[in-house]
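Counting in this note's numbering, the sequence shown tops out at residue 315, every number present. Here a beta-carbon is modelled for each residue, glycine too, at the ideal position from N, C-alpha and C. In this text the structure is predicted, and so the values were computed from the model without any measurement. Taking it in order: structure first as structure tokens, then the write-up.
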Amino acid sequence: MPHLRDALRYPYKRVLLQRTRLAYVHLQNLLTDAKRDRSARVYGYVAVWLPEELITLYLEEGEVVNATTTEDGVRFEPIAISDAVHRVPNSAEYGSVCFHEATDELMDQMYATQTGTPRAWPRELDLSNVDALLAFLYATMHDGTVEAQVDGAVHYVVIASGKPVRGYFSDGQPGDPVEHLRSVVAPVGHAAPPVLRLWPRAEALPAQATPALIQSYRDLIVALTERMGAVGVADAPRVVESARRKMVKPYPLLERFSPALATVRDPVADPSVLTRALGAWVGEALVAVVPAGEDPAAVLREVTSARRHLYQAAGLFDALPWKMQW
């Protein structure tokens, strides 16, 4: 019997790459083509089955916006995009990969059911009785999703005001969601009993801060440290590190930005939260240039000028304790 993780199959809108041995696919090239090729800039997901884990990469318009990992196919956790991509070897002897197009709503469901907490069913409810299940949903006017896992195949039925309105099934076929659910729940021919879980309405798929943005902030801290030393701040690396430690409590993600740890992994972070954290850190560190007779804003303008528009678009200058003048 295959491991549940290896048997997992999610719904899709269209198959762009059928599940294929990883030895025949270069993941980085696949993701690069998804960004460059206009016809491939789709909403969808890339699933990578490795010997130790299953990694799911979520894409919007060809860009990877989030990622999850699981070792057992049951407990998932978000993972930094860069970490997820780097875990996949370029020439893998074992493992497989697929690339499927998916709707926004389907990806919302997938991420929510991987990383969220389901609601409890009533103990007295017979989940093998679809009519009783539907009656319960209608009586409670439930808004959300019923997830059904059968022999590794994952299916979703979207519920609105207690009524099934749409279904996403791993065979990719459209049809009446109630009848489809009946066929899924029917125990005939299944290796194991179906697993049904009840979920609230799924939130929109969150987008992580991109690896490029995270790296640009790392580069900014290096440049800022060097510039502070050049204008006369004694032991500038220690000053910058002290400012980081002071901001770690309100912004724990800064644990992943220690300048002393060059190989530290990227954080799983919301872009706006990451930017606020960097703004607070930079503002705290630049206080040290004042005794040296330097204007903090002038020092920051020098080290951000090359990427000014990137930082401006990210909101970094708005996150500073003072207003930047250009």
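| query | Can you tell me the Cα-Cα spacing of K2 and E42, whole angstroms? | reply | Here the question's residue 2 lines up with position 13 in the sequence shown. Here the question's residue 42 lines up with position 53 in the sequence shown. Rounded to the nearest angstrom, the two C-alpha atoms are 24 Å apart.
| message | Using C-beta distances below 8 Å, list every residue in its chain close to Y100, excluding the 5 sequence neighbours before and after it, in chain order. | response | Numbered from 1 along the sequence shown, position 111 holds the residue referred to as residue 100. Closer than 8 Å at the Cβ level, and outside the excluded window around Y100, lie Y47, N55, T57, A191, L194 and P195.
| task | Give me the Cα-Cα distance between V116 and A149, rounded to the nearest whole angstrom. | result | The residue you call residue 116 lines up with position 127 of the sequence shown. The residue you call residue 149 lines up with position 160 of the sequence shown. Residue 116 is actually Leu in this sequence, not Val. Rounded to the nearest angstrom, the two C-alpha atoms are 19 Å apart.
| Touch test, the region 112 to 130 against the region 78 to 93, Cβ-Cβ under 8 Å, three pairs minimum | no
| request: Would you tell me roughly how many angstroms separate the C-alpha atoms of L(-3) and R64, rounded to the nearest one? | output: By 1-based counting over the sequence shown, the position of residue -3 is 8. By 1-based counting over the sequence shown, the position of residue 64 is 75. Spanning the two alpha carbons is a distance of roughly 13 Å.
| For the candidate residues R216, D224 and A269, whose alpha-carbon lies nearest to that of K238? | The residue labelled residue 238 in the question sits at position 249 within the sequence shown. Comparing Cα-Cα distances from K238 to each of R216, D224 and A269, the minimum goes to A269.
| said: Looking at the secondary structure, which residues open and close the beta strand (DSSP E) in which E66 lies? | reply: As a first step, residue 66 must be located in the sequence shown, where it is residue number 77. Here the beta strand (DSSP E) through E66 covers F65 to P67.
| request: Would you list the one or two residues that DSSP bridges to S85? | output: Here the question's residue 85 lines up with position 96 in the sequence shown. According to DSSP, S85 bridges with R10 and W38.
| query | Mind checking M(-10): buried by the 16 CB within 10 Å criterion, or exposed? | reply | Your numbering for residue -10 matches position 1 in the sequence shown. At M(-10) the pLDDT is 42, less than 50, meaning the model places this residue with poor confidence and gives no usable figure here.
| Residues of its chain near I203, where Cβ-Cβ distance is below 6 Å and the 5 sequence neighbours each way are ignored | As a first step, residue 203 must be located in the sequence shown, where it is residue number 214. Taken in chain order, the residues that qualify are D255.
| query | Is it the case that the Cβ atoms of D61 and R8 are separated by a distance below 7 Å? | reply | Walking along the sequence shown from the start, residue 61 turns up at place 72. Walking along the sequence shown from the start, residue 8 turns up at place 19. In this structure, R8 does not lie closer than 7 Å to D61 by Cβ.
| field | Which listed residue (V86, D22 and K24) has its alpha carbon closest to that of R10 | value | Against the sequence shown, residue 10 aligns to sequence position 21. Closest option to R10, Cα to Cα, is V86.
| query | Opposite P239 in the DSSP bridges: which residues? | reply | Position 250 of the sequence shown holds residue 239. Paired residue(s): none; P239 is not in a bridge.
| message | For the structure I just gave you, are there three or more beta carbon pairs, one from the region 286 to 301 and one from the region 208 to 219, closer than 8 Å? | response | yes
| task | For the alpha helix (DSSP H) holding T293, just list the boundary residues, first then last. | result | To locate residue 293, count along the sequence shown from 1; it is residue 304. Residues P285 to T293.
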